[in-house]
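Participant: Chains A and B supply the protein sequences, listed in that same order.
Heads up, the first sequence is in the numbering used here, so the first residue is 56 and it goes up one at a time.
Heads up, the second sequence is in the numbering used here, so the first residue is 1097 and it goes up one at a time.
Ideal Cβ placement from N, Cα and C applies to all residues, glycine included.
My structure is below; once you've seen it, I'll send some questions.
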Amino acid sequence: MDTGLLAQYVVIGLAVVLSAAFVMQKQFPSGVRRARIACALPLVRENRSAWLRRLGQWLAPAPRAGEGACGGCNGCDTNKS
Amino acid sequence: MSNASAIRLALVGNPNCGKTALFNLLTGSRQKVANYAGVTVERKEGRFHAPSGRHYALLDLPGAYSLHAASLDEAITRDLCRGFYPGEPAPDVIVCVVDATNLRLHLRFALEVRELGKPMVVAVNMMDAARRRGIEVDLAALERELGVPVVPTIAVRRDGARELVARLDAVAETLHEPRTHLGSGDGALEPEALHAETCRLLSLAVTMPRRTAEVDDALDRWLLHPVFGLLSLAIVMFLIFQAVYAWATPLMDLIDAGTATLGEWAATTLPQGPLNSLVVDGIIAGVGGVIVFLPQILILFAFILALEESGYLPRAAFLLDKLMASAGLSGRSFIPLLSSFACAIPGIMATRSIQDPRDRLATIIVAPLMTCSARLPVYALLIGAFIPQQKVGLFNLQGVVLFALYAAGIVSALAVAWVMKKWRRDKNEHALLLELPSYRLPHPRDLALGLWERAAIFLKRVGGIILALTVLLWVLLYFPNGGGDVTQSFAGQIGRAMTTVFSPIGFNWQICIALIPGLAAREVAVSSLATVYALSAADDAAAAQALTPLITHDWSLATALSLLVWYIYAPQCISTLATIKRETQSWKQVGMSAGYLFGLAYLASLITYQVAVVLGAG
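Next up, the structure:
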């Protein structure tokens, strides 16, 4: 495979991943949120390396309105309103 | 600025007194406003800074006739004012907006709010309209008698809330001082006492030459007439659909030509290969196929916005009340159903203003049958391809067909509601109590803003969900055979498998494959068809053609009619299902809605296709 064709496939691959992520986020926001929390939680544990924890924080969804700034997993079940 | 340091204001008042217009004026927001009751059914929050430097958090609440809530949206206002709304602190100051042209009704609510005993300012809105009608309001007398600050506002003028902001600053200064409570704290006043107090205030502070505007009475004599009124409504709706076709063509041709030029340029500029195909056959063909319908959507909404602003729509609700009641819907269903013409989601949410839970459910279930704007590109494509552009008497045939499709949606909704009524053996009929607003000439700036919003919503969908789904569909059409025989692609195989179910209604594999992304947004069906046909084309010249001639060549009239009928009932988009779940809190209702819509769509398309084939259109 020549480099030009490879570059084309890389661009297409990126477009596909971004499109799929966008469609999932738009159509199934709660599912995506749960999936992001599930992926992020194991990465932010204390025994993880700093870069993994940063990755986990990046993956974690933003807190919903009315929640604290902890990352918003609702795991602690406290009423912050 | 943190939430904690901003002073929390709540805008309350009767429906259609101009709360949202005032909210938009103060916060710079562009929330939907219209000249009828029940536009706002949710709390909205915005912020603004007063010239004094003070920060305010402003809540726009649904309109309420009383704190004794009769519907879900009124309950939101009641609970928020009393500080019982979950996750929401009580407001520091309540701004009670009253319509200066309708103080007889609106002062009652202001008196109820005063009884809550919270800091309060009364904003007497629409003072300009009151002056034009010769209504004089003695604001000083009103302030003295109510015992709370009273200020004039004109929410549609740029500086129309200056005095309100100044008074809010003054009230904010005294928030921490001990207050003398005016009310009992629960908003409870006997109806007779409320009525007597309202009459007393009116006699002291308000002079009005007559209770209604002369022009309103004159227009209503005709527009609410049982025969002429219905005739006028039919003519208005009919002319709108004529205009959609008559006026949009030049602009559509321009966009079409632009898309074709862009496609040709991209095809020659980009190196041959998959990326070229993605951009030309996928993105430009798909997205261009949808964007061409923007002029028609804007023309349709220009009329709808003008009708909303004019105050005619509640009259239409009044005219159709008897018909709706006989079908098992309440007159209050009219506004939610009307909102569903833009999109079923706000329509379903607007059902919160319906008091009876069974009426509300019936309206939610039939709302997806109203023709949302996402269906318009599908209709326009098929009508443009299969209905000749000729005159029938004075009328454009394509416009007549579009009108018939919209009418079919409405008739189907009434029929479904009637069946539901018979099913539940409901013999109750709820009288329609509806406030008829004054007629108003639509403001060109509001119309322009409304159209801009609609265009932005449409283009955002085109650049967002439609583009994303088009890219994904292209991948399924291009692989695994690298753009060879498209029938052997992933999508081709899925489409051909689906034809076992859909061939009795005349759908080929290309239509079947377009139905799947159409679940995310109905207009994606058009972009999907454009991509499928661009990739199926024998050569680049054929691929560059617009979609219309391709489907005219490939489909029979029976197939086109069947697809048109399918989209009258089209099982709704996923977002609509999610909204039904949220509003009804029931998966059963979601399943019922999806099931009956699919069943109706399939049955109606089957009958249409088979009858058309028998008549020789196959």
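Once DSSP output is grouped into helix, strand and coil, what is the label at B/Phe1437?
Facilitator: Residue state, collapsed to three classes: coil.
Participant: Compare the C-beta of B/Ile1380 with all C-beta atoms of chain A and state if any pair is closer than 8 angstroms.
Facilitator: No - not a single Cβ of chain A is within 8 angstroms of the one on B/Ile1380.
Participant: Quick one, are the C-beta atoms of B/Gly1424 and B/Ala1513 less than 8 angstroms apart?
Facilitator: Closer than 8 angstroms, so yes.
Participant: Taking B/Ala1398 as the reference, give the member of B/Pro1645, B/Trp1548, B/Leu1154 with the closest Cα.
Facilitator: Checking every option, the nearest Cα to that of B/Ala1398 belongs to B/Trp1548.
Participant: Beta-carbon separation of B/Tyr1705 and B/Ala1654 under 8 angstroms?
Facilitator: In this structure, B/Ala1654 lies closer than 8 angstroms to B/Tyr1705 by Cβ.
Participant: Residue range of the alpha helix (DSSP H) that B/Asn1372 falls in?
Facilitator: Note, B/Asn1372: alpha helix (DSSP H), 1370-1373.
Participant: Unbroken alpha helix (DSSP H) runs of length 4 or more, entirely within the stretch 1377-1452 of chain B: which are they?
Facilitator: Listed in chain order, the complete alpha helix (DSSP H) runs (minimum 4 residues) inside the stretch 1377-1452 of chain B are 1381-1387, 1390-1406, 1409-1422, 1430-1435, 1440-1446.
Participant: Using a C-beta cutoff of 8 angstroms, does A/Ala115 count as contacting chain B?
Facilitator: Chain B contact via Cβ: absent.
Participant: Pull up the distance between the alpha-carbon of B/Leu1563 and that of B/Met1304, whole angstroms please.
Facilitator: In a straight line, the C-alpha of B/Leu1563 is about 57 angstroms away from that of B/Met1304.
Participant: Have a look at the DSSP bridge pairing and note the partners of B/His1145.
Facilitator: In DSSP, B/His1145 forms a bridge with B/His1151.
Participant: Beta carbons nearer than 7 angstroms to chain A: which residues of the stretch 1351-1375 of chain B have them?
Facilitator: Against chain A - using a Cβ distance shorter than 7 angstroms - the residues of the stretch 1351-1375 of chain B are Pro1367, Gly1369, Pro1370, Leu1371, Leu1374.
Participant: Using DSSP with H/G/I as helix, E/B as strand and the rest coil, what is A/Leu110?
Facilitator: The answer is helix: DSSP assigns A/Leu110 an H, G or I state.
Participant: Measuring straight from C-alpha to C-alpha, what distance separates B/Thr1566 and B/Ala1440?
Facilitator: Each residue's alpha carbon lies about 23 angstroms from the other.
Participant: Mind pulling the chain A residues with CB within less than 7 angstroms of B/Ile1670?
Facilitator: Result: Gln82.
Participant: According to DSSP, is A/Phe83 part of a helix, a strand, or is it coil?
Facilitator: A/Phe83: coil per DSSP, three-state reduction.
Participant: With three or more C-beta pairs closer than 8 angstroms as the rule, is the stretch 1443-1456 of chain B touching the stretch 1648-1664 of chain B?
Facilitator: Because the criterion of three Cβ pairs below 8 angstroms is not met, the stretch 1648-1664 of chain B and the stretch 1443-1456 of chain B do not touch.
Participant: Cutting at 6 angstroms between CB atoms, please list the residues of its own chain near A/Leu98, excluding the five before and the five after it.
Facilitator: Leu107, Leu110, Gly111, listed in sequence order.
Participant: Please report the straight-line C-alpha distance between B/Val1386 and B/Leu1643, rounded to a whole angstrom.
Facilitator: Computed Cα separation, rounded: 10 angstroms.
Participant: Shortest alpha-carbon distance to B/Gly1046 belongs to which of B/Leu1366, B/Cys1192, B/Gly1213?
Facilitator: Summary: the structure shown does not reach residue 1046 of chain B, with chain B confined to residues 1097 through 1714, and so no result is reported for it.
Participant: Any beta carbon of chain B sitting closer than 8 angstroms to that of A/Leu69?
Facilitator: Not one chain B Cβ lies under 8 angstroms of A/Leu69.
Participant: Identify the residues that DSSP records as bridge partners of B/Gly1109: which are they?
Facilitator: Its beta-bridge partners are B/Val1193.
Participant: Going along chain B, which residues have a C-beta under 9 angstroms from A/Ser74?
Facilitator: Within chain B, the residues near A/Ser74 are Leu1563, Ala1564, Leu1565, Thr1566, Val1567, Leu1568, Val1571.
Participant: Going by DSSP, which residues form a beta bridge with B/Val1220?
Facilitator: DSSP output for B/Val1220 lists B/Val1194, B/Pro1248 as bridge partner(s).
Participant: Does the distance from the CB of B/Thr1173 to the CB of B/Pro1185 come in under 8 angstroms?
Facilitator: Not a contact, by the Cβ cut-off of 8 angstroms.
Participant: Which of the residues in the stretch 1598-1623 of chain B, read from start to end, lie with their CB under 7 angstroms from any CB of chain A?
Facilitator: So the list reads Ala1616, given in the order they occur along the chain.
Participant: Step through the CB atoms of chain B and report whether any lies within less than 8 angstroms of the CB of A/Gly86.
Facilitator: A/Gly86 does not count as touching chain B.
Participant: What separation, rounded to the nearest whole angstrom, lies between the Cα atoms of B/Ala1413 and B/Gly1427?
Facilitator: Taking the straight line joining both Cα atoms gives about 6 angstroms.
Participant: Between the stretch 1428-1436 of chain B and the stretch 1375-1386 of chain B, are three or more C-beta pairs nearer than 8 angstroms?
Facilitator: Judged by Cβ distances under 8 angstroms, the stretch 1428-1436 of chain B makes no contact with the stretch 1375-1386 of chain B, as fewer than three pairs qualify.
Participant: Can you tell which of B/Arg1150, B/Ala1165, B/Ser1162, B/Leu1105 has the C-alpha that lies nearest to the C-alpha of B/Lys1140?
Facilitator: The residue with the shortest Cα to Cα distance from B/Lys1140 is B/Leu1105.
Participant: Shorter than 8 angstroms from the beta carbon of A/Leu110 to some beta carbon of chain B?
Facilitator: Answer no: the Cβ-Cβ gap between A/Leu110 and chain B never drops below 8 angstroms.
Participant: Please determine, among B/Asp1156, B/Phe1694, B/Leu1555, the residue with the shortest C-alpha to C-alpha distance to B/Leu1118.
Facilitator: Per the Cα distances, B/Asp1156.
Participant: Where B/Thr1467 and B/Pro1410 are concerned, what is the direct C-alpha to C-alpha distance, given to the nearest angstrom?
Facilitator: Using only the alpha carbons, I get a separation of about 19 angstroms.
Participant: Does the beta carbon of B/Met1097 come closer than 8 angstroms to any beta carbon on chain A?
Facilitator: With a pLDDT of only 43 at B/Met1097, under 50, the local geometry of the prediction cannot be trusted, and the value read off the model is given with reservation. No, B/Met1097 does not count as interfacial toward chain A.
Participant: Report the rounded CA-to-CA distance for B/His1649 versus B/Tyr1574, giving the unit in angstroms.
Facilitator: Between B/His1649 and B/Tyr1574, the C-alpha separation is close to 23 angstroms.
Participant: Verify whether the separation of the beta carbon atoms of B/Asp1265 and B/Thr1627 is less than 8 angstroms.
Facilitator: Contact flag unset, no.
Participant: Do B/Leu1121 and B/Ala1257 have their C-beta atoms within less than 8 angstroms of each other?
Facilitator: Contact flag set, yes.
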